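Following the working numbering, the numbering of the sequence shown begins with 1 at its first residue and continues without gaps. Cβ atoms here follow ideal geometry from the backbone N, Cα and C, with glycine treated the same way. Since the structure is predicted, the reported quantities are computational estimates derived from the model, not experimental observations. The structure appears below as structure tokens.
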Amino acid sequence: MNLVERPKNVDWRLWKRDDGFAPEWIQLAILMDIRDELRRLNNLLLCPNFQMIPSMLRRIQANTSKSKRKLKSKAAAKS
């Protein structure tokens, strides 16, 4: 099996040897899948839209939070 043409996201059965996959190929294929996922995560983390999420959430919170109530003083409440 050519590793370039390997199936992705496969549940590998290590106890069956009749399907032609060598354990070394399976380990290498799994490491390549992990590398692919890490590359996708790195691209996501470098995306400006993803990086702006915290500031957008702070802005939304500031615009939607209730203002604090002012407590009336005891003297003003008695009169």
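- Residue state for R35 is assigned as helix, using DSSP reduced to three classes.
- At a Cβ-Cβ threshold of 8 Å, F50 and L41 do not count as neighbours.
- The straight-line gap separating the alpha-carbon atoms of M32 and L38 is approximately 10 Å.
- In the three-state DSSP reduction, S65 falls in the coil class, being neither helix nor strand.
- Taken through DSSP and simplified to helix, strand or coil, L46 comes out as coil.
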